[in-house]
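A short write-up of the structure that comes next.
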Amino acid sequence: MWGRKISKYLVLAVLLVVMQMGCTTVPYTGRRQLSLVSEGQEVSMGYQAFRQIQRRYPVSHDPELNARVQRVGQRIAAAANRPDYRWEFVVFREDKIANAFCLPGGKVGIFTGLFKYIKSDADLATVISHEAAHVLARHAGERYSQGMLAELGGVGLSGALRGMNPYAGQAIMTGYQLGATVGFLLPYSRAQETEADRIGLILMAKAGYDPALALEFWQRWSGEKKEKGSANDIFSTHPSDAKRLLALKQYLPEAKRYYQP
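In structure tokens, the structure reads:
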């Protein structure tokens, strides 16, 4: 019994120390976040992941699409004010994927399937700004850190359960894993998406795009992009369309202060 108590308190002490040592502040929002990896490590992983994506998907050489992406992307990169990043904007030829991404270090990819929803440069700026915001806020490193912390807690709990009835111990571990995912990791992911929307509005405004047009894009996106299935919102890493649009309306006045046409 005493061994289990000592293990529990030791794990709690380690978690507290780790959380205090690994905190950084998100730009623009001022939110404190857990960060157990350096930004240099994040960038290195981002470059490696980008090379893997480049090997998997063919690059589009459509001159019009590439010219638009470079034009908008460079303005967003200038607004981000991270000259230490090796910004790169690549169009990948995959019409079945309507998505984009930005990896740590400024590696941006846009799949050709996204362009059926892009009606203007402002639409493209909305998407690229949102993805770049994830990188400025170091969300990838934060998610990685959250996973490390959850794993550490699981290891400590597993040790504390030694000697307990194996069926009871397994039930407790299953409950912990579900609780860590639903109650900790996924809500942070939803918070990160909302935060990226907020910072993204500011970035596109600083780049000279009217942030009000982002609201129009996301409204159109939610109407045109039909969700597959009906997954419960609690297991979603993104906020619902209604919550997202409401938050965007609330953040719009802040972004407008950065807007200079």
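Last residue of the sequence shown: 373 in my numbering, with the numbers rising by one and none dropped.
The beta carbon of each residue, even a glycine, is placed where N, CA and C say it ideally should be.
Using alpha carbons as the reference points, say which of the options lies closest to residue i.
i, options, result
"A244", "G221, L226 and S232", "G221"
"Y371", "K318, G335 and L325", "K318"
"E206", "K368, Q166 and M157", "Q166"
"V155", "L360, P323 and W199", "W199"
"Y140", "W333, R356, Y197 and R250", "R250"
"M157", "A354, F227, P175 and K219", "K219"
"A190", "R332, A324, E336 and L315", "L315"
"R369", "V203, Y321 and W333", "Y321"
"C214", "D233, I230 and S241", "S241"
"G225", "F329, R356 and L177", "L177"
"K355", "A303, E336 and Q160", "A303"
For residue i, which three-state DSSP category applies?
i, result
"E200", "strand"
"I383", "This structure does not reach residue 383, given that the chain is present from 113 up to 373, and the question cannot be answered."
"Y279", "Annotation note: pLDDT 48 at Y279 (below 50); position unreliable, no value reported."
"A249", "coil"
"K208", "coil"
"L325", "helix"
"Q372", "coil"
"R143", "coil"
"G266", "Residue placement at G266 cannot be trusted, given a pLDDT of 47 that sits under 50; what the coordinates show is reported in the next sentence. Of the three classes helix, strand and coil, the one that applies to G266 here is helix, per DSSP."
"K355", "helix"
"V239", "helix"
"K231", "coil"
"V171", "strand"
"G221", "strand"
"L177", "helix"
"L215", "strand"
"K340", "No answer about K340 holds up, because its pLDDT of 49 lies below 50 and its placement is not dependable."
"Y363", "helix"
Quick test of your reading: residue i and residue j, contact by CB under 8 Å. State the CB separation rounded to the nearest angstrom.
i, j, result
"I311", "A237", "With 8 Å as the limit, I311 and A237 do not qualify as a contact, their Cβ atoms being about 13 Å apart."
"Y229", "W333", "6 Å"
"E254", "L146", "6 Å"
"V408", "V247", "Nothing can be reported for residue 408, as the shown portion of the chain is limited to 113 through 373."
"F223", "A210", "7 Å"
Please find out if some non-hydrogen atom of the ligand GTP comes closer than 7 Å to the beta-carbon of residue i.
i, result
"G158", "In the structure shown, the ligand GTP is absent, as is every other ligand, since no ligand is present at all."
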